[in-house]
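Notes follow once the structure below has been shown.
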Amino acid sequence: MGDFSSLGLSDWLVKQCKQLGINKPTPVQENCMPAILQGRDCMGCAKTGSGKTAAFVLPVLQKLSEDPYGIFCLVLTPTRELAYQIAEQFRVLGKPLGLKECIIVGGMDMVTQALELSNQPHVVVATPGRLADHIRSSNTFSMKRIQFLILDEADRLLEQGCTDFTKDLEVILEILPAKRQTLLFSATLTDTLQELKSIAMNEPFFWESKSETRTVEELDQRYILTPEKVKDAYLVHLIQTFTDEHDDWSIIIFTNTCKSCQILTMMLREFNFPTISLHSMMKQKQRFANLAMFKASVYKILIATDVAARGLDIPTVQVIINHNTPGLPKIYIHRVGRTARAGRNGVSITLVTQYDIHLIHSIEEQIQTKLKEYPVEEKEVLKILTQVNVTRRECEIKLESTDFDEKKEINKRKQLILEGKDPELEAKRKAELEKIRSQKKKFKQKIQESIQKQKQLKKKLMKSRPMKKKEAAQATA
Ligand SMILES: Nc1ncnc2c1ncn2[C@@H]1O[C@H](COP(=O)(O)OP(=O)(O)OP(=O)(O)O)[C@@H](O)[C@H]1O
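Each residue of the sequence shown is one higher than the last, beginning at 1190 in my numbering.
Laid out in structure tokens, this is it:
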């Protein structure tokens, strides 16, 4: 492996890297940086925690130092927290340049952001929605001369998930110059490769880390098979064990909804665990404050929705617990990638109910690794089961007495209006879909019941008398 100088970085940047403990390039840096410095578009796919951020920040800073102007580079990323983290890397590594960077994300003051944009910062790091809002509403800044467009977590930006960025991306791409370098990075690029290639204009340099598995070797991946009703007791038991055994460990628990995130946080606090939450129904300032307190180890346990699944780099995180099994292998890869970063060790534990076994199989198939069972003393879990379930119920009742559900409904309606949809029509459509789904479910259940009955009948027949071949065939049919 070469060093940063041999890849074409100037001495001042190499020195800056050293100060941050970045001495030798990681493979994604070693392979992608020369192509970027040569002026090529680039797509880099490497495992979580492998240094993809510096792989684009360093060449941009190098090029910026040769011809500094604003706005030189635009970075787009799916979450607000990630935007701050990327901007920080630019700020720290680009300090000798007197780098001016600006962060444009939702939930923060629009006027202040507009002012910052008009001051022509060198680098803009943004989430697509808010940047598109600025483009639609003002003409006080220009991105006509940008040299670099970077899509971090590019597959997430281009997929049509629960937050669909495609319309905002169209607005943004329209004001960018055709002649630019486009860089796309993610740990899971390959799933959406073709769509991504159309964003990078020139035949891009594509690099993917060669490995049999899609998760890092330093990660110990475990599961616990548990009935839904015992899940929380397992969770409390696990946290108790980890906190008893390790002073300096931080844990992230991923859950599937904002409400579940809120209830689990309340519940773990009842057990005196230093817990804090992060989800999209919180005010943005609170989100930043909570993340900062978790990073500073004021709180050792963060309960989050998938808003924290991608990109966040917190070295103290040793354990990831999936309170629900992720529906997509890709989400699993990013969630567990919040630990075992940059060569460190880490553990992930996924709580699996009997209904999630097929999800675990498809995760294992994608990551090419078998999850191992995590040994737990069931007796200890059963001892706290009633107490945990009663506490959870109390927390649910407490939450129901607040305006949490109402706020959620208002947020949903606001989002629909922003997307140009009619909330009433959408509600109707959803109700109809729900009806069809429940009919389908009932139908499926009926079929399963009749299959079950047939099987039982066949068993009875087999037991009661030895069958002739012909009879057995009829019973099976
Ligand atoms: N060459 C290097 N040597 C040592 N540490 C490095 C090097 N490059 C980056 N790092 C550190 O590795 C950590 C992970 O890097 P980074 O956040 O860029 O990972 P990533 O590949 O973007 O992960 P993810 O896919 O989860 O977003 C950071 O703390 C970063 O400072």
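Heads up, the beta-carbon is just placed ideally off N, CA and C, and yes, glycines get one too. Please read all numbers here as calculations on a predicted model, not as lab measurements.
Open item on the list: According to DSSP, is residue 1639 part of a helix, a strand, or is it coil?
Closed with: One-based indexing of the sequence shown puts residue 1639 at position 450. Residue 1639 falls in the helix class under three-state DSSP.
Task: Beta-carbon proximity check, residue 1241 vs residue 1233, cutoff 7 Å - done: Taking the first residue of the sequence shown as position 1, residue 1241 is located at position 52. Taking the first residue of the sequence shown as position 1, residue 1233 is located at position 44. Against a cut-off of 7 Å, the Cβ pair of residue 1233 and residue 1241 comes out as a contact.
Open item on the list: I'd like the list of long-range same chain contacts for residue 1329, defined as Cβ closer than 8 Å, with 5 residues on each side in sequence excluded.
Closed with: If you number the sequence shown from 1, residue 1329 lands on position 140. The residues 1303, 1306 and 1307, in chain order, have a CB closer than 8 Å to that of residue 1329 in the same chain once the five nearest residues on each side in sequence are set aside.
- [ ] For my contact list, residue 1465 and residue 1491 are in at a C-beta cut-off of 8 Å; report their separation, rounded to the angstrom.
- [x] Residue mapping note: residue 1465 aligns to position 276 of the sequence shown, counting from 1. Residue mapping note: residue 1491 aligns to position 302 of the sequence shown, counting from 1. That belief holds up - the Cβ atoms of residue 1465 and residue 1491 are roughly 6 Å apart, short of 8 Å.
Task: Euclidean distance between Cα positions of residue 1225 and residue 1252 - done: Taking the first residue of the sequence shown as position 1, residue 1225 is located at position 36. Taking the first residue of the sequence shown as position 1, residue 1252 is located at position 63. Straight-line spacing of the CA atoms in residue 1225 and residue 1252 works out to 10 Å.
TODO: Report the residue from 1645, 1371, 1646 and 1384 whose alpha carbon sits nearest the alpha carbon of residue 1393.
DONE: To locate residue 1393, count along the sequence shown from 1; it is residue 204. Ranking 1645, 1371, 1646 and 1384 by CA distance to the CA of residue 1393 puts 1371 first.
- [ ] Taking residue 1549 as part of the alpha helix (DSSP H), name the residues at either end of that continuous run.
- [x] What you label residue 1549 is simply residue 360 of the sequence shown in a count that begins at 1. From DSSP, the alpha helix (DSSP H) with residue 1549 extends over 1546-1556.
TODO: For residue 1570, name the three-state secondary structure that DSSP assigns.
DONE: In the sequence shown, the residue the question calls residue 1570 occupies position 381. Three-state result, residue 1570: helix.
Open item on the list: Can you look up residue 1315 in the DSSP assignment and give me helix, strand or coil?
Closed with: Locating residue 1315 in the sequence shown gives position 126, where the first residue counts as 1. Three-state result, residue 1315: strand.
Open item on the list: For ligand 1, is there any heavy atom lying closer than 6 Å to the beta carbon of residue 1618?
Closed with: If you number the sequence shown from 1, residue 1618 lands on position 429. No, the beta carbon of residue 1618 sits no closer than 6 Å to any heavy atom of ligand 1.
- [ ] Please classify residue 1476: does DSSP put it in a helix, a strand, or coil?
- [x] Indexing the sequence shown from 1 puts residue 1476 at position 287. Reduced to three states, the DSSP call for residue 1476 is helix.
Open item on the list: Based on DSSP bridge pairs, tell me the residues matched to residue 1265.
Closed with: The count along the sequence shown starts at 1 and reaches residue 1265 at position 76. For residue 1265, which the question treats as bridged, DSSP gives the partners 1315 and 1340.
TODO: Determine the direct distance from the alpha carbon of residue 1294 to that of residue 1301, and round the result to whole angstroms.
DONE: By 1-based counting over the sequence shown, the position of residue 1301 is 112. By 1-based counting over the sequence shown, the position of residue 1294 is 105. The straight-line gap from Cα to Cα measures roughly 11 Å.
Open item on the list: Can you give me the C-alpha to C-alpha distance between residue 1611 and residue 1376, rounded to a whole angstrom?
Closed with: In the sequence shown, residue 1611 corresponds to position 422, counting from 1. In the sequence shown, residue 1376 corresponds to position 187, counting from 1. Between residue 1611 and residue 1376, the C-alpha separation is close to 36 Å.
TODO: Taking 7 Å as the cut-off, decide whether the C-beta atoms of residue 1534 and residue 1443 are in contact.
DONE: Your numbering for residue 1534 matches position 345 in the sequence shown. Your numbering for residue 1443 matches position 254 in the sequence shown. It is not a contact, given that the beta carbons lie outside the stated cut-off.
TODO: Let me know if residue 1564 comes out buried or exposed under the rule of 16 or more other beta-carbons within 10 Å of its beta-carbon.
DONE: Working through the sequence shown from its first residue, we reach residue 1564 at position 375. Exposed: under 16 other Cβ atoms inside 10 Å.
Task: CA-to-CA distance, residue 1398 to residue 1405, given in whole angstroms - done: In the sequence shown, counting from the first residue as 1, residue 1405 sits at position 216. In the sequence shown, counting from the first residue as 1, residue 1398 sits at position 209. Approximately 11 Å between the Cα atoms of the pair.
- [ ] Determine which residues share a DSSP beta bridge with residue 1396 and list them.
- [x] Taking the sequence shown and counting its residues from 1, one reaches residue 1396 at position 207. In the DSSP output, where bridge partners are listed per residue, residue 1396 has 1233.
TODO: Go through the stretch 1280-1336 residue by residue and report every complete run of the beta strand (DSSP E) that reaches 3 residues or more, in order.
DONE: If we require 3 residues or more, the beta strand (DSSP E) runs fully inside the stretch 1280-1336 come out as 1290-1293 and 1312-1315.
Open item on the list: Could you check if residue 1502 belongs to the surroundings of ligand 1, using beta carbon to heavy atom distance under 6 Å?
Closed with: Counted from its first residue, the sequence shown places residue 1502 at position 313. Placement of the Cβ of residue 1502 at a distance of less than 6 Å from at least one heavy atom of ligand 1 is found.
Open item on the list: At the level of alpha carbons, what is the spacing between residue 1262 and residue 1475?
Closed with: Within the sequence shown, residue 1262 is the residue found at index 73, counting from 1. Within the sequence shown, residue 1475 is the residue found at index 286, counting from 1. Distance between the alpha carbons of residue 1262 and residue 1475 is about 29 Å.
Open item on the list: Quick check: is any heavy atom of ligand 1 less than 6 Å from the C-beta of residue 1399?
Closed with: The residue labelled residue 1399 in the question sits at position 210 within the sequence shown. Look at residue 1399: its beta carbon is at least 6 Å from all of the heavy atoms in ligand 1.
Task: Burial state of residue 1310 (16 or more Cβ within 10 Å) - done: If you number the sequence shown from 1, residue 1310 lands on position 121. Answer is buried; the Cβ neighbour count reaches 16.
- [ ] Tell whether a beta-carbon distance below 7 Å holds between residue 1536 and residue 1549.
- [x] As a working mapping, residue 1536 is identified with position 347 in the sequence shown. As a working mapping, residue 1549 is identified with position 360 in the sequence shown. No, Cβ-Cβ distance for residue 1536 and residue 1549 is not below 7 Å.
- [ ] Please check the pair residue 1561 and residue 1345, which I expect to be a contact at CB under 8 Å, by giving their CB distance rounded to whole angstroms.
- [x] Residue 1561 sits at position 372 when you count from the first residue of the sequence shown. Residue 1345 sits at position 156 when you count from the first residue of the sequence shown. Actually they are not in contact, since the Cβ atoms of residue 1561 and residue 1345 sit about 29 Å apart, beyond 8 Å.
Task: residue 1243 beta carbon near ligand 1 (any heavy atom closer than 6 Å) - done: By one-based count along the sequence shown, residue 1243 stands at place 54. True, at least one ligand heavy atom lies under 6 Å from that Cβ.
Open item on the list: Please report the straight-line C-alpha distance between residue 1480 and residue 1296, rounded to a whole angstrom.
Closed with: The residue you call residue 1480 lines up with position 291 of the sequence shown. The residue you call residue 1296 lines up with position 107 of the sequence shown. Going from the Cα of residue 1480 to the Cα of residue 1296 covers about 15 Å.
Open item on the list: Taking the straight line between their C-alpha atoms, what separation do you get for residue 1269 and residue 1495?
Closed with: Stepping through the sequence shown from its first residue, residue 1269 is reached at position 80. Stepping through the sequence shown from its first residue, residue 1495 is reached at position 306. So the two alpha carbons sit approximately 13 Å from each other.
Open item on the list: On the criterion of 16 or more Cβ atoms from any shown chain inside 10 Å, does residue 1497 qualify as buried, or is it exposed?
Closed with: As a first step, residue 1497 is located in the sequence shown; it is residue number 308 there, counting from the start. Flag for residue 1497 reads buried.
Open item on the list: If you measure between the beta carbons of residue 1591 and residue 1459, is that distance less than 7 Å?
Closed with: If you number the sequence shown from 1, residue 1591 lands on position 402. If you number the sequence shown from 1, residue 1459 lands on position 270. One thing to note: residue 1591 has its Cβ no nearer than 7 Å to the Cβ of residue 1459.
Task: Contact under 7 Å by Cβ, residue 1245 with residue 1339 - done: Here residue 1245 corresponds to residue number 56 of the sequence shown, with the count starting at 1. Here residue 1339 corresponds to residue number 150 of the sequence shown, with the count starting at 1. In contact: residue 1245 and residue 1339 (Cβ atoms closer than 7 Å).
Task: For residue 1491, the three-state DSSP class (helix, strand or coil) - done: Indexing the sequence shown from 1 puts residue 1491 at position 302. Looking at residue 1491 - three-state DSSP - the assignment turns out to be strand.
- [ ] Confirm the yes/no value for this check: CB of residue 1214, any heavy atom of ligand 1, distance under 6 Å.
- [x] Working through the sequence shown from its first residue, we reach residue 1214 at position 25. Under cutoff, so the answer is yes.
Open item on the list: Contact between the stretch 1467-1474 and the stretch 1411-1422 is defined here as three or more beta-carbon pairs at a separation below 8 Å; is this criterion met?
Closed with: Result no; under three Cβ-Cβ pairs closer than 8 Å.
- [ ] Look at residue 1354 and residue 1312 and say whether their C-beta atoms are less than 7 Å apart.
- [x] By one-based count along the sequence shown, residue 1354 stands at place 165. By one-based count along the sequence shown, residue 1312 stands at place 123. Contact check for residue 1354 against residue 1312 fails: the beta carbons are separated by 7 Å or more.
Task: Cβ shell of residue 1317 (< 7 Å), same chain only, five flanking positions each side left out - done: Counting from one through the sequence shown, the residue named residue 1317 turns up at place 128. Correct list, in chain order: 1265, 1346, 1354, 1357, 1358 and 1361.
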